[in-house]
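Comments concern the structure below.
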Amino acid sequence: MRIAMIGTGYVGLVSGACFADFGHQVACVDKDAGKIDGLNAGVMPIWEPGLESLVKSNVERGRLTFTTDLPAAVRDAEAVFIAVGTPARRGDGHADLTYVFDAVRELAGVIAPGTVVVTKSTVPVGTGDEIEKILRDEGVAEVSVASNPEFLREGAAIADFKHPDRIVVGAADDRAQYILREIYRPLFLNRAPILITGRRTAELTKYAANAFLAVKISFINEIADLCEAVDADVQDVARGIGLDNRIGAKFLHAGPGYGGSCFPKDTLALLQTADQAGVEQRIVRTTVQVNDDRKAAMADRVAQAMGGDLSGKRIGVLGLAFKPNTDDMREAPSISLINGLIERGADVCAFDPVARHQAEQVLDGVEFGASAEEVAKDADALVIVTEWDEFRALDLDRIAASLRGKVLVDLRNVYDPAEAREAGLAYHGIGRGRTGGPA
Ligand code: NAD
């Protein structure tokens, strides 16, 4: 199959490289010339495990190319995937579809009749209908628009793409179904389930999936608050409920609230869709509120662990990316936490294994350290915000020795409270009893 992938961000680049690895001929397009120049020179625009070697090997085989020339990339393609950003629109939270529609207008004058246009971007119900209308208005002879939402997770994106829990395809016409089946055929051999459904249903499925995961996280976060009040341990509660197959263990980690490029914007966009349809979605609405409040409350949590007053205190922060194994800082809980600490008069020194460059674009007034040890040195407290593997096995005795104040706020429950206390640290986890962790 000849494929054009419009947008070479976290989704487009991974999808394009994986499709090429399946044996397809893929042209990846981006309007950001810097990204394309970098990719043509072998420099990845994002940090994603395994991506560089996957890209390199497929470029060498001649199956993967990068260009800013959209017309050239889409002209001979049998399928054109749209994987551009759909951020929350400022003000109302609706998905901003400017990038999607701009790309559609650009490709309309060029694609051959019968080309299947596929939205991989997360787009609200009805966007496929809008795309179809634009294509018809632009005089495209045979219009075929499908939805193929993407479920990969940053940090495990390649494995997720190649071994998906499911593939969702929303397409009414036979040609679109045929082309998408051909494109994903290597995965069917591995028995990945495929759901072929209507386009609007596929579009909504993506939002429903993300909203449900967001609900799960907010649910366990509220249970964590209850655990603190009634002296129970949320880690064990999560395990106790997660082992029930009807519930499942994933997304039951209490923490500082969800962030990232998807859950916050997708829950807001779902609420916009619901408002437009005149249907209330109380559970999702409450989840958004619970999560916003939680992120905003994290700086106070640190202040409380330090006796209330943060002025002049030096606080070390471990982890900035919204989750481990990515450099993505979009809506990261670290941002509201750090801004809150600074507002309360603290000095912040932070370290993240890969996200420093991205963090520098969104954080002001933060000092950046080069290691966990450097951040801990002479700090009044150390806060674990992102659970990178390298923060899971810190030498707590050494950390305690280099900290000025012996406070460890573990927003990801990485450490055993008893072990931390043995090292001489005042330990404060999430949802681990009245005292921050069982004695
Ligand atoms: P991103 O911001 O990392 O990448 C988008 C890219 O599209 C950018 O490089 C931008 O320059 C490019 N672009 C925009 N308009 C263009 C145009 N007209 N022509 C060519 N290139 C153009 O975004 P992302 O994180 O990859 O997300 C893309 C979509 O996938 C979003 O809808 C998102 O919700 C969805 N999604 C993201 C994830 C994730 O984990 N990041 C997972 C599943 C789905």
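Going by the working numbering, the sequence shown opens with residue 112, and the numbers climb by one from there.
Every residue, glycine too, gets a C-beta built ideally from N, C-alpha and C.
Please determine, among A257, Q392 and S447, the residue with the shortest C-alpha to C-alpha distance to L89.
Only positions 112 to 550 of the chain appear in this structure, which leaves residue 89 out of reach.
When you compare only the Cα positions, how much space is there between V170 and F133?
In the sequence shown, residue 170 corresponds to position 59, counting from 1. In the sequence shown, residue 133 corresponds to position 22, counting from 1. Distance between the alpha carbons of V170 and F133 is about 13 Å.
Got a sec, what are the start and stop residues for the beta strand (DSSP E) I307 sits in?
One-based indexing of the sequence shown puts residue 307 at position 196. Boundaries of the beta strand (DSSP E) around I307: I305 to T308.
Does any C-beta atom of chain B lie closer than 8 Å to the C-beta of A190?
Given the protein chain composition of this structure (a single chain), no chain B is represented.
Please report the straight-line C-alpha distance between G540 and P275, rounded to a whole angstrom.
Walking along the sequence shown from the start, residue 540 turns up at place 429. Walking along the sequence shown from the start, residue 275 turns up at place 164. When the Cα atoms are used, G540 and P275 turn out to be separated by approximately 33 Å.
By Cβ distance, which residues of its chain are closer than 6 Å to G451, with the 5 residues on each side in sequence left out?
Numbered from its first residue, the sequence shown carries residue 451 at position 340. If we look at G451 and ignore the five residues flanking it on each side, its Cβ neighbours are A410.
Check each candidate in E339, V140, V520 and R172 and name the one with the smallest Cα separation from F502.
Within the sequence shown, residue 502 is the residue found at index 391, counting from 1. The residue with the shortest Cα to Cα distance from F502 is V520.
Indicate, with yes or no, if the ligand NAD has a heavy atom lying under 7 Å from the CB of D143.
Against the sequence shown, residue 143 aligns to sequence position 32. Yes, the Cβ of D143 comes within 7 Å of a heavy atom of the ligand NAD.
If I measure Cβ to Cβ from G430 and keep anything under 6 Å in the same chain, skipping five residues before and after, which residues do I get?
Taking the sequence shown and counting its residues from 1, the one referred to as residue 430 is at position 319. Closer than 6 Å at Cβ, skipping near neighbours: D463, V496, T497 and W499.
Does the structure place the region 351 to 367 close enough to the region 319 to 337 that three or more beta carbon pairs sit under 8 Å?
yes
Sequence-distant residues of its chain with Cβ nearer than 8 Å to P549 (five each side left out)
Residue mapping note: residue 549 aligns to position 438 of the sequence shown, counting from 1. The predicted position of P549 is uncertain, since its pLDDT is 45 and thus under 50; no value can be drawn from it.
Please classify K244 as buried or exposed, where buried requires at least 16 neighbouring CB atoms within 10 angstroms.
Indexing the sequence shown from 1 puts residue 244 at position 133. The residue is exposed, with fewer than 16 neighbouring Cβ atoms inside 10 Å.
Taking only three categories from DSSP, how would you classify L300?
Numbered from its first residue, the sequence shown carries residue 300 at position 189. Three-state result, L300: helix.
Three-state secondary structure assigned by DSSP to Y538
Numbered from its first residue, the sequence shown carries residue 538 at position 427. If DSSP states are grouped into helix, strand and coil, Y538 belongs with the strands.
Going by the C-beta, is I242 closer than 7 Å to any heavy atom of the ligand NAD?
The count along the sequence shown starts at 1 and reaches residue 242 at position 131. No - the ligand NAD has no heavy atom lying nearer than 7 Å to the Cβ of I242.
Could you spell out where the beta strand (DSSP E) holding C129 opens and where it closes?
Position 18 of the sequence shown holds residue 129. Counted as a single uninterrupted DSSP element, the stretch harbouring C129 is not any beta strand (DSSP E) but the alpha helix (DSSP H) occupying residues Y121 to F133.
Beta-carbon proximity list for Q136, same chain, < 6 Å, skipping 5 on both sides:
As a working mapping, residue 136 is identified with position 25 in the sequence shown. The answer, listed in chain order, is R113 and R174.
Cutoff 6 Å; reference D458; Cβ partners in own chain excluding five residues on either side
Mapped onto the sequence shown, residue 458 falls at position 347. Excluding residues within five positions, the ones whose Cβ falls inside 6 Å are R425.
Please tell me whether, using a cut-off of 7 Å, the distance from the CB of A128 to the nearest non-hydrogen atom of the ligand NAD is below it.
Here residue 128 is taken as the residue at index 17 of the sequence shown, counted from 1. False, no ligand heavy atom lies under 7 Å from that Cβ.
Using the Cα positions of A432 and E485, report the straight-line distance between them to the nearest angstrom.
Taking the first residue of the sequence shown as position 1, residue 432 is located at position 321. Taking the first residue of the sequence shown as position 1, residue 485 is located at position 374. Distance between the alpha carbons of A432 and E485: 18 Å.
How many angstroms separate the CA atom of R200 from the CA atom of V234?
Walking along the sequence shown from the start, residue 200 turns up at place 89. Walking along the sequence shown from the start, residue 234 turns up at place 123. Approximately 13 Å, taken between the alpha carbons.
Local Cβ density within 10 Å of P367, reported as buried at 16 or more and exposed below that
Your numbering for residue 367 matches position 256 in the sequence shown. By the 10 Å Cβ count, P367 comes out buried.
Going by beta carbon distance, what residues of the same chain come within less than 6 Å of L379, once the five residues before and after it are set aside?
Position 268 of the sequence shown, counted from the start, is the residue given in the question as residue 379. So the qualifying residues of the chain are A199 and G204.
Considering only residues of the region 369 to 435, which uninterrupted beta strand (DSSP E) runs meet the minimum length of 3 residues and lie entirely inside it, listed in chain order?
Within the region 369 to 435, the complete beta strand (DSSP E) segments of 3 residues or longer fall at 425 to 429, listed in chain order.
To the nearest angstrom, how far is it from the Cα of I449 to the Cα of D420?
Taking the sequence shown and counting its residues from 1, one reaches residue 449 at position 338. Taking the sequence shown and counting its residues from 1, one reaches residue 420 at position 309. Distance between the alpha carbons of I449 and D420 is about 15 Å.
On the three-state DSSP scale, how would you describe I358?
Here residue 358 is taken as the residue at index 247 of the sequence shown, counted from 1. Residue state, collapsed to three classes: coil.
Less than 7 Å between the CB of F374 and some heavy atom of the ligand NAD, yes or no?
Your numbering for residue 374 matches position 263 in the sequence shown. Answer for F374: no, Cβ out of range of the ligand NAD.
Using a Cβ-Cβ cutoff of less than 6 Å, which residues in the same chain neighbour L246 once the five nearest sequence positions on both sides are dropped?
Counted from its first residue, the sequence shown places residue 246 at position 135. So the qualifying residues of the chain are A219 and V254.
Is any heavy atom in the ligand NAD found nearer than 7 Å to the beta carbon of Y295?
Numbered from 1 along the sequence shown, position 184 holds the residue referred to as residue 295. No; taking the cut-off as 7 Å, the Cβ of Y295 has no heavy atom of the ligand NAD nearer than that.
Tell me which same chain residues have a C-beta within less than 6 Å of the C-beta of V185, skipping the five on either side of it?
As a working note, residue 185 is residue 74 in the sequence shown. These residues qualify, in order along the chain: A115, V191, L218, V221 and I222.
Could you check what DSSP says for E454 in three-state terms: helix, strand or coil?
Translated into the one-based positions of the sequence shown, residue 454 becomes position 343. Three-state result, E454: helix.
Drop a sphere of 10 angstroms on the beta-carbon of Y295, count the other beta-carbons inside from all chains shown, and report buried for 16 or more, exposed for fewer.
By one-based count along the sequence shown, residue 295 stands at place 184. Flag for Y295 reads buried.
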